[in-house]
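In what follows, a structure is listed as structure tokens, so that the remarks can point back to it.
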Amino acid sequence: MTRIYEERTKLDESIIEIINATYSFHILHYDPAGKILGRYQFLKCISGSCHYDMPDVYVNFIQGGNNLEGLYVTTILDEKNWKVNWNVLFAIIYATMTPAKIGGGDEQNVVSY
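Our numbering numbers the first residue of the sequence shown as 115 and each following residue consecutively.
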């Protein structure tokens, strides 16, 4: 379950949406230097507001620090949908790929339910 809320207010008072959905993550490439190319996919909406356009999202990051280096999206671009808009899948990626200081260990606070 993913909860979207206003960051600057108290969590319980500011929940905007609750989405219960199935997502997947696949490692597509891993090199000896610890660089990983992965893909996040939105698979199925179980309940909630799932009306967002959620194309597959590709990320490249460095293992161990969750250091996000790139975020790429594939989509069919036509006159109706000429750009990719923010969606819940991006929120999940940014929550799990929070940058950490290299060599200093990871200290992250990620609220998840």
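Glycine residues also receive a C-beta, built at the ideal position from the N, C-alpha and C atoms.
Closest Cα partner of residue i within the set the options
i    : options             : result
L157 : I150, V171 and L151 : V171
I160 : D145, L182 and T136 : T136
G162 : N181, G184 and I132 : I132
N134 : V173, A205 and C164 : C164
I150 : I206, P169 and V173 : V173
V187 : M168, Q177 and N181 : M168
Outcome for residue i when other beta-carbon atoms lying within 10 angstroms are tallied against a minimum of 16
i    : result
F175 : buried
Y154 : buried
L142 : exposed
Supposed contact pair residue j and residue i - C-beta distance, whole angstroms, cut 8 Å
i    : j    : result
F139 : G152 : 6 Å
I207 : L185 : 7 Å
Bounding residues of the beta strand (DSSP E) (the contiguous stretch that carries residue i)
i    : result
S161 : K149 to G162
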